[in-house]
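I have placed the structure first, in the form of structure tokens, so that the comments after it can refer back to it.
Number of protein chains: 2
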Amino acid sequence: MSSTLHDVARLAGVSIKTVSNVMNDYEHVSAATRSKVLAAVQELDYRPNLSARSLRSGRSGVIGLAVPELSLAYFAQLADEVIRAAAAVGLNVIIEQTGGNRERELQMLRNPRLRLTDGLLFSPLGLGIEDAPLVAIDTPLVLLGERIFNGPADHVAMQNVEAAKAATEHLLSIGRRRIAVIGAHAGEVIGSAGLRLEGYRAALAEAGVDFDEALVGYMGAWHRVNGAQAMQRILDSGVDFDAVFAMNDELALGALRVLQHAGCAVPDDVAVIGFDDVDEGRYSIPSLSTVDPGRREIAETAVRTLVERIEDKGRAGEPRELRAAFRIRHRESTGGSED
Amino acid sequence: MSSTLHDVARLAGVSIKTVSNVMNDYEHVSAATRSKVLAAVQELDYRPNLSARSLRSGRSGVIGLAVPELSLAYFAQLADEVIRAAAAVGLNVIIEQTGGNRERELQMLRNPRLRLTDGLLFSPLGLGIEDAPLVAIDTPLVLLGERIFNGPADHVAMQNVEAAKAATEHLLSIGRRRIAVIGAHAGEVIGSAGLRLEGYRAALAEAGVDFDEALVGYMGAWHRVNGAQAMQRILDSGVDFDAVFAMNDELALGALRVLQHAGCAVPDDVAVIGFDDVDEGRYSIPSLSTVDPGRREIAETAVRTLVERIEDKGRAGEPRELRAAFRIRHRESTGGSED
DNA sequence: GTGCTGATTTACAACGTTGTACACATCGTT
DNA sequence: AACGATGTGTACAACGTTGTAAATCAGCAC
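Listed in order, the protein sequences are those of chains S and E.
Heads up, my numbering is the position in the first sequence plus 1066, with the first residue counted as 1.
Heads up, my numbering is the position in the second sequence plus 1066, with the first residue counted as 1.
Here's what the structure looks like:
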């Protein structure tokens, strides 16, 4: 059985509150008492019961992170950064997987287990702007990603439109004009897919290049296999193209594989750029140009914002919209050599 | 402010214990009372305070998962499976990253935050067999991986030796005799690297092929970049080889890249097999043959075993050694076509 | 009616911690 | 010598839940 404040207090010959004070670095404790207590703590290997602390203080020291799927490299790396950032401020992270499913995402927000956490970082995929009211929960909440604008919660976003525009401009800058885009979601406007498509179109428009629906690859989830399929469909359709903007790196890597199987040289025949800057892009053949969306910055900003909300609690200010800086990584798949 | 059992009890006109009974599906509650209570629960949107429940019951419904790094695909996918398996039995998972560092791993075991969890799944990398005594903690603990044999805790392992032997035999079966191996850790016997090397040597020995130290690539962490470097060193050394057994897929993918840059055809000049069956191997060019070490089975077994330990608590039986079934995936990098 | 049985409900005391309010020293001022 | 100010320590009551033991109630046999 593990020891409690009572045990330590008895051994040190003080009251439990004094032990509590020592544990919490309360300043008015004499050096003598402090060391007596610490000795007892040491001897009994006392470690505070976090459930009790959390019950009493209303804080658990745990935050939730809800992502679609950890197997997707982007979310794994995001989770990595979030855990680091949280650890730096003494918080633990419970990870939940929603599968990007709307039902599951809504359920997550109503989950009683949420009550165990001080706040939630939520990367929704299935929720749309119409669900915004449902996101108004009493737990501190910070949204990651794009689905809900002007919602009732803080929101840390990557600059999807601007970054997708920059990626497309990068392809234009190396002389490509027939740029396929894969990863579009039919009819979507507000999600990452919609926004990245918007950036793509904006870049084309500015460059005076016509938008061609035949160059758009639609699909469901952004998994590698879908990138491969979409690329195959475009190849099979016989449409002419000299570059591909894939809406994420997984898609790009899937597309890369299909292109090479089909005998297209990358980047000579077809230049390819992805989005996310996941690790494997650096080691693919050819290495993959991409957009670094500022993942670390997003994670750190999100954790910081959540902590502020948790500490604020009472009456928080207006929901904030925060955006991370992005950067183009010019690697071999677009003729570059950056590492 | 959120509502408590008291609020519900007052509204329903019953005692708090009755509400508690309803919430816990205690059987002797009349239908009338039950529905009165449920109506009140509904109206107040009551959700139990998990800290209080956990303080009172000694169970938090949370388990810990400590892995070296989520950015490594193997651990991300393992975490995915663990979270799924845990969710299936109503548990949440707190993930901690140790960086594979011995200090941090030891610290993890002594971390007071552990007290928030009912048990720990621990995938150590830095700990050696000499640390076994330190692993004897009072929290239920299940080890994943290989570092500590016959330790004081349950242990769910992949069959490193047998699987590595099978991988090597696979290369032998397609006629290769000069098989490089990359990922070895100098002097290690007990860790994954040591065991996989042992399997490799056993396969060679059985086939009557001499072991050649010049074909062994040593390194530190199993990151892709190290696989690339080790492969480069072997190429630079001028030693003759016709196959590579990489101790994990990250290394294999790094090696693949270097081989192709150097103009070696895979699998014609050099066949390559990895270990872990991470997703990206299916989409690399060529697709990567590998060993599926039974990740899902490991995750499910580990969670099940941990739950048994948690429920057992009192006086548990002997530590158990469990091993998952593995399977060779024969893809393009060894001339196969499996998906 | 009385006593018995079992189902239903309740009061009360924990679980281990921290906030509040107060008691007691000690100290420097006046 | 009396005073407040400050530093140090304590008792007690929460936090919201569940386990225990006992109270109440209904149904039934006598």
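No residue lacks a Cβ here, since even glycine has one placed at the ideal position from N, Cα and C.
Using a Cβ-Cβ cut-off of 9 Å, E/Arg1181 is close to Ser1068, Arg1113, Pro1114, Asn1115, Leu1116, Ser1117 of chain S, given in chain order.
Using a Cβ-Cβ cut-off of 7 Å, E/Gly1241 does not count as an interface residue toward chain S, since no Cβ of chain S sits closer than that to its own.
In this structure, E/Ser1137 lies near S/Asp1146, with their beta-carbon atoms less than 7 Å apart. Neighbours of E/Gly1340 in chain S, taken as residues whose beta carbon is under 8 Å from its own, are absent, since the nearest beta carbon is some 13 Å off. The C-alpha of S/Asp1334 lies about 20 Å from the C-alpha of E/Val1324. Closer than 7 Å to the CB of S/Asn1314 there is not a single CB belonging to chain E. Shown in chain order are the members of the stretch 1294-1324 of chain E whose Cβ falls below 9 Å from a Cβ of chain S: Ala1294, Glu1316, Leu1319, Gly1320, Leu1322, Arg1323.
With contacts defined by Cβ atoms closer than 7 Å, S/Met1297 and S/Ala1280 do not form a contacting pair.
When DSSP reads this structure, S/His1221 sits in a beta bridge with S/Leu1209, S/Glu1387.
Ranked by how close their Cα comes to the Cα of S/Val1357, the residues S/Gln1163, S/Glu1228, S/Arg1244 have S/Glu1228 in first place. Think of a sphere of 7 Å around the beta carbon of E/Val1133: no beta carbon from chain S falls inside it, the nearest being about 10 Å out.
E/Leu1116 is a Cβ neighbour of S/Arg1181, given a cutoff of 7 Å. The residue among S/Glu1384, S/Thr1400, S/Phe1392 with its C-alpha nearest the C-alpha of S/Gly1217 is S/Glu1384. At least 7 Å separates the CB of E/Ala1098 from every CB of chain S.
With a cutoff of 7 Å on beta-carbon distance, S/Ile1160 and E/Asn1158 are scored as near each other. Three or more beta-carbon pairs separated by less than 8 Å link the stretch 1394-1404 of chain S to the stretch 1349-1356 of chain S, which places the two stretches in contact. Listed along the chain, the chain E residues whose CB falls inside 7 Å of the CB of S/Gln1173 amount to none; the nearest CB is some 11 Å away.
Annotation for S/Asp1378: the continuous alpha helix (DSSP H) segment containing it runs 1361-1378. For S/Ser1355, no CB of chain E lies under 7 Å from its own CB, so it is not counted at the interface with that chain.
In the DSSP assignment, E/Phe1141 falls outside any beta strand (DSSP E) and within the unbroken alpha helix (DSSP H) covering 1139-1154.
The beta carbon of E/Gly1192 lies closer than 6 Å to those of Gly1166, Asn1167, Arg1168, Glu1171 in the same chain, with the five residues before and after it left out. Here DSSP, grouped into helix, strand and coil, assigns E/Ile1300 to helix. Put simply, the CB of S/Asn1158 is near chain E, with a gap under 7 Å to one of its CB atoms.
In this structure, S/Val1222 sits near S/Ala1368, with a CB-CB distance shorter than 7 Å. A Cβ-Cβ distance of about 5 Å is found for the pair E/Asp1315 and E/Val1344, placing them in contact under the 8 Å criterion. Checking the DSSP bridge columns, you'll see S/Ser1355 partnered with S/Ile1339. For E/Ala1229, the enclosing alpha helix (DSSP H) stretches over residues 1226-1239. Residue environment analysis places S/His1236 among the buried positions, since at least 16 neighbouring C-beta atoms fall within 10 angstroms of its C-beta. Relative to S/Ala1154, the option among S/Ser1403, S/Thr1371, S/Glu1366 whose CA is nearest is S/Glu1366.
E/Phe1311 counts as buried, since no fewer than 16 other beta carbons sit within 10 angstroms of its beta carbon. Counting along the chain, S/Leu1319 sits inside the alpha helix (DSSP H) bounded by residues 1315-1327.
No Cβ-Cβ contact shorter than 7 Å links S/Ala1198 with S/Leu1209. In this structure S/Gly1286 is not in contact with S/Leu1317, their Cβ atoms being roughly 12 Å apart against a cut-off of 8 Å.
Under the Cβ criterion of 7 Å, E/Ser1086 is not counted among the residues facing chain S. CA-CA distance, E/Lys1231 to E/Asn1292, rounds to 23 Å. S/Leu1071 places its beta carbon 7 Å or farther from that of S/Ser1081.
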